[in-house]
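Residue numbers (the working numbering): 382 to 564.
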């Protein structure tokens, strides 16, 4: 495998990138990632291994725009951290909480404009988002409905009036193809 050649070629370190919470991901996928990293460590001793990992954040105009953040993602990041670091593998996750905020912004609608003004007033930190959302409780849908909920495929999405690179029918077709592979 490439890790052996990398070490033989003089490389001292190898960094891989991954993601948790991708639609269709199962716990076995995390187990397989851990096993792969341990196997690399074993076959290329002395090679410094790093796994950078982010949390799936749905984006507009993509086939996965209807999915929310997987509620198991944070737990899976913690599992990766525990099992990889205990085996001498550097694990560098992106902040799960910032991924939640990024999802709020990427799936939000114009009702969030007041929230953003308040966040700006409080100082643009993660705590500012939480404080502003708490202040506006009752005037906005719950955070969960923006971040974790799966949107109905027929729902009019906040960005649907903007022309994306692919028509909605094509996105739905690609989504159906991806979901067929998940099952």
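Here a beta-carbon is modelled for each residue, glycine too, at the ideal position from N, C-alpha and C.
Near residue i, what residues of its chain come up, given a Cβ to Cβ distance below 6 Å and the 5 sequence neighbours on each side ignored?
i, result
"residue 445", "404, 439"
"residue 425", "384, 385, 388"
"residue 474", "434, 458"
"residue 552", "444"
Assuming the contact rule is C-beta atoms closer than 8 Å, residue i and residue j should be a hit. Round their C-beta distance to whole Å, please.
i, j, result
"residue 461", "residue 482", "Their Cβ separation, rounded to whole angstroms, is 21 Å, which puts residue 461 and residue 482 out of contact at 8 Å."
"residue 437", "residue 401", "7 Å"
"residue 532", "residue 538", "7 Å"
"residue 517", "residue 547", "No, residue 517 and residue 547 are not in contact; Cβ-Cβ is about 34 Å, not under 8 Å."
Could you tell me the alpha carbon to alpha carbon distance between residue i and residue j, rounded to whole angstroms?
i, j, result
"residue 415", "residue 465", "7 Å"
"residue 458", "residue 387", "27 Å"
"residue 470", "residue 544", "43 Å"
"residue 535", "residue 390", "53 Å"
"residue 450", "residue 397", "22 Å"
"residue 549", "residue 467", "45 Å"
"residue 456", "residue 502", "32 Å"
"residue 418", "residue 472", "10 Å"
"residue 486", "residue 452", "18 Å"
"residue 476", "residue 441", "21 Å"
"residue 567", "residue 514", "With the chain running from 382 to 564 in the structure shown, residue 567 is simply not present."
"residue 413", "residue 478", "25 Å"
"residue 540", "residue 498", "20 Å"
"residue 510", "residue 423", "43 Å"
Tell me the DSSP secondary structure of residue i in three-state form.
i, result
"residue 513", "helix"
"residue 554", "helix"
"residue 521", "strand"
"residue 547", "coil"
"residue 506", "coil"
"residue 427", "coil"
"residue 441", "coil"
"residue 420", "helix"
"residue 392", "coil"
"residue 476", "coil"
"residue 490", "coil"
Please work out which residues of its chain come closer than 7 Å, Cβ to Cβ, to residue i, disregarding the five sequence neighbours upstream and downstream, and give them in chain order.
i, result
"residue 421", "384, 430"
Whose C-beta lies closer than 8 Å to the C-beta of residue i among residues of the same chain, with five residues either side of it excluded?
i, result
"residue 570", "The requested residue 570 does not occur in the structure, where the chain is confined to residues 382 to 564."
- Task: Pair every Cβ in the segment 485-494 with every Cβ in the segment 514-532, then say whether three or more of these pairs are closer than 8 Å.
- Result: Short answer: they touch.
- Query: Can at least three beta-carbon pairs, one atom from the segment 421-431 and one from the segment 501-515, be found at a separation below 8 Å?
  - Reply: Note that the segment 421-431 does not touch the segment 501-515; fewer than 3 beta-carbon pairs, one per stretch, sit closer than 8 Å.
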